[in-house]
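*Asks:* Residue numbering for the sequence shown follows the numbering used here, starting at 567 and increasing by one per position. Built from N, CA and C at the ideal position, the CB exists for glycine as well. First the structure, which I've put down as structure tokens, then a few questions once you've had a look.
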Amino acid sequence: MTQTDETIDRQSREQSDMTASHCKELSITLAQFPRVALGHFPTPLEPMDRLSEILGGPRLWVKRDDCTGLSSGGNKTRKLEYLMADAMQQGADTIITQGATQSNHARQTAAAAAKLGMACHILLEDRTGSNDPNYIMNGNVLLDRLHGASVSKRGGGTDMAAEMETLADQLRDGGKSPYVIPGGGSNPIGALGYVNAARELADQAVSIGLKIDALVHATGSSGTQAGLVAGLAAIQSDIHLLGIGVRAPQDKQESMVHDLAVRTAAHLGTGLEIPRDQVRANCNYVGEGYGLPTDGMISATKLLAQTEGLLFDPVYSGKGLDGLIDLVKKGYFDGMQNVVFLHTGGSAALFGYSDTFGLPGYTS
Numbered sequence: 567m568t569q570t571d572e573t574i575d576r577q578s579r580e581q582s583d584m585t586a587s588h589c590k591e592l593s594i595t596l597a598q599f600p601r602v603a604l605g606h607f608p609t610p611l612e613p614m615d616r617l618s619e620i621l622g623g624p625r626l627w628v629k630r631d632d633c634t635g636l637s638s639g640g641n642k643t644r645k646l647e648y649l650m651a652d653a654m655q656q657g658a659d660t661i662i663t664q665g666a667t668q669s670n671h672a673r674q675t676a677a678a679a680a681k682l683g684m685a686c687h688i689l690l691e692d693r694t695g696s697n698d699p700n701y702i703m704n705g706n707v708l709l710d711r712l713h714g715a716s717v718s719k720r721g722g723g724t725d726m727a728a729e730m731e732t733l734a735d736q737l738r739d740g741g742k743s744p745y746v747i748p749g750g751g752s753n754p755i756g757a758l759g760y761v762n763a764a765r766e767l768a769d770q771a772v773s774i775g776l777k778i779d780a781l782v783h784a785t786g787s788s789g790t791q792a793g794l795v796a797g798l799a800a801i802q803s804d805i806h807l808l809g810i811g812v813r814a815p816q817d818k819q820e821s822m823v824h825d826l827a828v829r830t831a832a833h834l835g836t837g838l839e840i841p842r843d844q845v846r847a848n849c850n851y852v853g854e855g856y857g858l859p860t861d862g863m864i865s866a867t868k869l870l871a872q873t874e875g876l877l878f879d880p881v882y883s884g885k886g887l888d889g890l891i892d893l894v895k896k897g898y899f900d901g902m903q904n905v906v907f908l909h910t911g912g913s914a915a916l917f918g919y920s921d922t923f924g925l926p927g928y929t930s
């Protein structure tokens with residue numbers, strides 16, 4: 567080993583030790599917040615070597631938050647561990663939340679409420695105008711009902727926050743103690759789940775000697791990305807974080823994420839400052855709108871199913887994956903060696919989009 571190699575090796579060990587120390591400090595900070603165990607953690611961190619070979623860019627990895635376990639898994643479980651604990655601490659007996667028709671958040675919230683013995687009311691906003699029976703009754707909607715939640719529909723553009731408060735008032739008048747969870751579980755309490763996920767990922771990387779250059783994920787209601795921004799700042803990580811937007815234009819998406827990241831950091835109470843330039847969102851892969859399929863999403867979802875055996879959803883993770891693949895091809899990650907894609911789950915939604923993928927029927 568040359569002197570230069572020894573210096574690099576020593577610097578790498580020092581950086582790993584520092585990261586481990588910051589992760590331990592963050593764990594202590596997070597321990598002050600109530601949390602109820604709902605998922606299987608840590609989720610796996612796995613290489614996607616077939617995809618890496620096909621694309622010819624950096625080595626690609628996947629953080630398997632589709633394996634969180636609660637009602638087929640997904641990223642919302644991390645948020646719900648903190649949100650449901652807060653609900654229990656407040657003496658709630660009923661949970662209210664909202665989302666789009668094929669909401670992964672609604673499914674996991676219904677499952678969490680069932681697990682903890684609470685009633686659950688879900689309001690679903692029709693953001694696509696689809697009358698496909700599979701879309702409006704199958705997939706996540708089927709599972710919402712299977713978990714025992716009441717499900718009601720609202721038209722596109724409805725003020726869903728106001729609708730939830732109206733329902734909460736009605737339930738209070740009836741003697742219930744409702745707890746309202748915003749869409750996506752995206753508030754400073756829910757975002758703690760992804761503050762913790764940043765720590766978990768950094769710990770995993772240190773344990774296997776992996777230097778992560780970039781972390782890519784789908785971003786919508788902003789809680790996942792805001793938590794990651796705050797978490798990476800807390801452990802002083804230089805990982806390049808990039809959200810692939812699935813709903814809003816770039817300026818709006820980045821503003822929402824930065825606002826929530828700042829409020830999450832304040833909720834942590836560590837005095838962290840979140841620079842605006844630490845929030846990056848590429849919103850070129852939304853297509854015609856939230857929940858509406860794109861050719862890129864269809865191709866990306868098929869490619870991963872047929873090369874890595876992984877299932878992504880059409881609304882959220884599939885569009886994030888489309889962004890990752892296209893950006894690798896365009897050289898966005900040139901000079902980087904290891905890029906992680908956060909798999910936020912949601913494969914149940916595939917059953918609401920059964921005609922989207924143009925798959926052949928039985929062969930003779």
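Can you check whether the CB of Gln668 is closer than 8 Å to the CB of Met726?
*Replies:* If you number the sequence shown from 1, residue 726 lands on position 160. If you number the sequence shown from 1, residue 668 lands on position 102. Taking 8 Å as the Cβ cut-off, Met726 and Gln668 do not qualify as a contacting pair.
*Asks:* Put Leu617 into one of helix, strand or coil per three-state DSSP.
*Replies:* Residue 617 sits at position 51 when you count from the first residue of the sequence shown. In this structure, Leu617 counts as helix in the three-state DSSP scheme.
*Asks:* Would you give the residue range spanned by the beta strand (DSSP E) that Tyr648 belongs to?
*Replies:* In the sequence shown, counting from the first residue as 1, residue 648 sits at position 82. Element bounds for Tyr648: not the beta strand (DSSP E) but the alpha helix (DSSP H), 642 to 655.
*Asks:* So, does the stretch 771 to 779 touch the stretch 814 to 822, judging by three or more C-beta pairs under 8 Å?
*Replies:* Because the criterion of three Cβ pairs below 8 Å is not met, the stretch 771 to 779 and the stretch 814 to 822 do not touch.
*Asks:* Under 8 Å between the Cβ atoms of Thr873 and Leu617?
*Replies:* One-based indexing of the sequence shown puts residue 873 at position 307. One-based indexing of the sequence shown puts residue 617 at position 51. In this structure, Leu617 lies closer than 8 Å to Thr873 by Cβ.
*Asks:* Do the CB positions of Val845 and Val812 come within less than 8 Å of each other?
*Replies:* As a working mapping, residue 845 is identified with position 279 in the sequence shown. As a working mapping, residue 812 is identified with position 246 in the sequence shown. Not in contact: Val845 and Val812 (Cβ atoms no closer than 8 Å).
*Asks:* I'd like to know if Gln656 contacts chain D, where contact means its C-beta is closer than 8 Å to some C-beta of that chain.
*Replies:* Any reference to chain D falls outside this structure, which holds one protein chain only.
*Asks:* How would you label Pro926, buried or exposed, when you count the other beta carbons within 10 angstroms and need 16 or more for buried?
*Replies:* Within the sequence shown, numbered from 1, the residue matching residue 926 stands at position 360. The residue is exposed, with fewer than 16 neighbouring Cβ atoms inside 10 Å.
*Asks:* Since Gly912 and Ser883 should fall inside the 8 Å C-beta cutoff, what is the C-beta to C-beta distance between them, to a whole number of angstroms?
*Replies:* Taking the first residue of the sequence shown as position 1, residue 912 is located at position 346. Taking the first residue of the sequence shown as position 1, residue 883 is located at position 317. Going by Cβ atoms, the distance from Gly912 to Ser883 rounds to 5 Å, so yes, they are a contact pair.
*Asks:* Around the C-beta of Arg765, are 16 or more other C-beta atoms found within 10 angstroms, so that it is buried, or is it exposed?
*Replies:* Position 199 of the sequence shown, counting from 1, holds the residue named residue 765. Buried, since its Cβ has 16 or more Cβ neighbours within 10 Å.
*Asks:* Report the residue from Thr732, Leu626, Arg693, Gly793 whose alpha carbon sits nearest the alpha carbon of Ile755.
*Replies:* Mapped onto the sequence shown, residue 755 falls at position 189. Ranking Thr732, Leu626, Arg693, Gly793 by Cα distance to Ile755 puts Gly793 first.
*Asks:* Is Arg693 buried or exposed, if buried means 16 or more other CB atoms sit within 10 Å of its CB?
*Replies:* What you label residue 693 is simply residue 127 of the sequence shown in a count that begins at 1. It counts as buried.
*Asks:* To the nearest angstrom, how far is the alpha carbon of Ala672 from that of Glu580?
*Replies:* Within the sequence shown, numbered from 1, the residue matching residue 672 stands at position 106. Within the sequence shown, numbered from 1, the residue matching residue 580 stands at position 14. Approximately 43 Å, taken between the alpha carbons.
*Asks:* Asn904 by DSSP, collapsed to three states: which one?
*Replies:* Residue numbering aside, residue 904 sits at position 338 when the sequence shown is read from its first letter. Of the three classes helix, strand and coil, the one that applies to Asn904 here is strand, per DSSP.
*Asks:* Count Cβ pairs between the stretch 827 to 843 and the stretch 624 to 634 that sit closer than 8 Å; are there 3 or more?
*Replies:* The stretch 827 to 843 vs the stretch 624 to 634: no contact.
*Asks:* Going by the beta-carbon positions, is the gap between Gly683 and Glu647 smaller than 8 Å?
*Replies:* One-based indexing of the sequence shown puts residue 683 at position 117. One-based indexing of the sequence shown puts residue 647 at position 81. In this structure, Glu647 does not lie closer than 8 Å to Gly683 by Cβ.
*Asks:* Would the stretch 898 to 906 and the stretch 855 to 873 be scored as touching if the rule is three or more Cβ pairs under 8 Å?
*Replies:* The stretch 898 to 906 is not in contact with the stretch 855 to 873.
*Asks:* Is the separation between the beta-carbon of Leu689 and that of Met730 shorter than 8 Å?
*Replies:* Counting from one through the sequence shown, the residue named residue 689 turns up at place 123. Counting from one through the sequence shown, the residue named residue 730 turns up at place 164. Taking 8 Å as the Cβ cut-off, Leu689 and Met730 qualify as a contacting pair.
*Asks:* Output yes or no for whether 8 Å exceeds the beta carbon distance between Tyr924 and Tyr701.
*Replies:* Reading the sequence shown from its first residue, position 358 is the one you call residue 924. Reading the sequence shown from its first residue, position 135 is the one you call residue 701. Before going on, a small fix: residue 924 reads as Gly here, not Tyr. It is not a contact, given that the beta carbons lie outside the stated cut-off.
*Asks:* Since Ile662 sits in a beta bridge, which residues does DSSP pair it with?
*Replies:* Here residue 662 is taken as the residue at index 96 of the sequence shown, counted from 1. For Ile662, which the question treats as bridged, DSSP gives the partners His687, Val746.
*Asks:* Can you give the beta carbon distance from Thr790 to Ala847, rounded, assuming they're within the 8 Å contact cut?
*Replies:* Within the sequence shown, the letter at position 224 stands for residue 790. Within the sequence shown, the letter at position 281 stands for residue 847. The Cβ separation is near 12 Å, so there is no contact.
*Asks:* Using 8 Å for Cβ pairs, my map puts Tyr760 next to Ala658. What's the rounded Cβ distance?
*Replies:* Position 194 of the sequence shown, counted from the first residue, corresponds to residue 760. Position 92 of the sequence shown, counted from the first residue, corresponds to residue 658. Not a contact, Cβ separation roughly 23 Å.
*Asks:* Please state whether DSSP places His824 in a helix, a strand or coil.
*Replies:* In the sequence shown, residue 824 corresponds to position 258, counting from 1. The answer is helix: DSSP assigns His824 an H, G or I state.
*Asks:* Could you tell me which of Gly623, Asp735, Thr675, Ala915 sits nearest to Arg644, measuring between CA atoms?
*Replies:* Locating residue 644 in the sequence shown gives position 78, where the first residue counts as 1. The shortest Cα separation from Arg644 among Gly623, Asp735, Thr675, Ala915 belongs to Thr675.
*Asks:* For Lys895, count neighbouring C-beta atoms within 10 Å of its own C-beta (all shown protein chains included) and say buried if the count is 16 or more, exposed if not.
*Replies:* As a working mapping, residue 895 is identified with position 329 in the sequence shown. Burial call: exposed.
*Asks:* Going by DSSP, what residues sit across from Ser716 in a beta bridge?
*Replies:* One-based indexing of the sequence shown puts residue 716 at position 150. Looking at the DSSP assignment, Ser716 forms a beta bridge with His687.
*Asks:* In angstroms with no decimal places, state the Cα-to-Cα distance between Gly875 and Ala799.
*Replies:* What you label residue 875 is simply residue 309 of the sequence shown in a count that begins at 1. What you label residue 799 is simply residue 233 of the sequence shown in a count that begins at 1. In a straight line, the C-alpha of Gly875 is about 33 Å away from that of Ala799.
*Asks:* So Ala734 packs on Ile662, CB below 8 Å; how close in whole Å?
*Replies:* In the sequence shown, residue 734 corresponds to position 168, counting from 1. In the sequence shown, residue 662 corresponds to position 96, counting from 1. Indeed, because the Cβ distance is near 6 Å, the residues count as touching under 8 Å.
*Asks:* Give me the DSSP bridge partner(s) of Gly811.
*Replies:* For the purposes of this step, residue 811 is identified with residue 245 of the sequence shown, where counting begins at 1. Partner(s): Thr785.
*Asks:* Under the assumption that Asp887 contacts Thr867 (Cβ atoms under 8 Å), give the Cβ distance between them as a whole number of angstroms.
*Replies:* Locating residue 887 in the sequence shown gives position 321, where the first residue counts as 1. Locating residue 867 in the sequence shown gives position 301, where the first residue counts as 1. Checking the displayed sequence, the identity of residue 887 turns out to be Leu instead of Asp. That belief holds up - the Cβ atoms of Leu887 and Thr867 are roughly 7 Å apart, short of 8 Å.
*Asks:* Is Arg720 near Glu691, with beta carbons less than 8 Å apart?
*Replies:* Numbered from its first residue, the sequence shown carries residue 720 at position 154. Numbered from its first residue, the sequence shown carries residue 691 at position 125. It is a contact, given that the beta carbons lie within the stated cut-off.
*Asks:* Could you compute how far the alpha carbon of Phe599 sits from the alpha carbon of Ile620?
*Replies:* By one-based count along the sequence shown, residue 599 stands at place 33. By one-based count along the sequence shown, residue 620 stands at place 54. Their backbone Cα atoms lie some 43 Å apart in a straight line.
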